[in-house]
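Step one of this worksheet: look at the structure below.
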Amino acid sequence: MSMTDEELQAHKAKATAEALAAHKALQDARAAEKALAESHAAAQERMREEARQAREAVHEALRGRVLASRRAQHAGVPLTALAEGMGVSAPMMTFIIKGER
């Protein structure tokens with residue numbers, strides 16, 4: 001059973017169309033994968049930046065607490081009163097004043 005010339009041309013056209021469609025699907029999948037990877041990388045970078053900013057905010061808050069506690073101590077406020085106000089023990093207040101907590 002041999003194909004006629006018209007059948008052969010139709011078969012070639014169908015095979016070509018299928019191959020081109022498969023290639024297009026592959027390109028689309030790769031583009032989607034790349035976009036997702038870039039989006040993921042951007043999200044990770046944003047998260048790293050947010051975490052860095054949060055660490056800096058905590059560091060600044062700790063520094064501010066130490067400095068404010070030292071100013072209060074130098075103004076004559078008893079450590080026990082500061083400790084009660086902060087809800088920490090007197091020994092912990094000593095560590096805070098030293099900048100160790």
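Number 86 in the UniProt record's numbering belongs to position 86 of the sequence shown; there are no gaps in the numbering.
Just so it is clear, CB atoms sit at the ideal spot from N, CA and C, and this is done for glycine as well.
All values derive from a computational prediction rather than experimental measurement.
request  = Check whether the Cβ atoms of G99 and V77 lie closer than 8 Å to each other.
outcome  = Walking along the sequence shown from the start, residue 99 turns up at place 99. Walking along the sequence shown from the start, residue 77 turns up at place 77. No, these two residues do not count as a Cβ contact at 8 Å.
At least 3 beta-carbon pairs within less than 8 Å: the segment 86 to 99 vs the segment 53 to 71 = Output reads yes: the segment 53 to 71 touches the segment 86 to 99.
Residue environment, S69, which counts as buried when at least 16 other CB atoms sit within 10 Å = Within the sequence shown, the letter at position 69 stands for residue 69. Result: buried.
ask   = Quick one: does A75 have its CB under 8 Å from some CB of chain C?
value = Protein chain content of the structure displayed is limited to a single chain, and chain C is not contained in it.
query = Considering only residues of the same chain and omitting the five flanking positions on each side of E49, which have a CB-CB separation below 7 Å?
reply = Residue numbering aside, residue 49 sits at position 49 when the sequence shown is read from its first letter. Closer than 7 Å at Cβ, skipping near neighbours: no residue.
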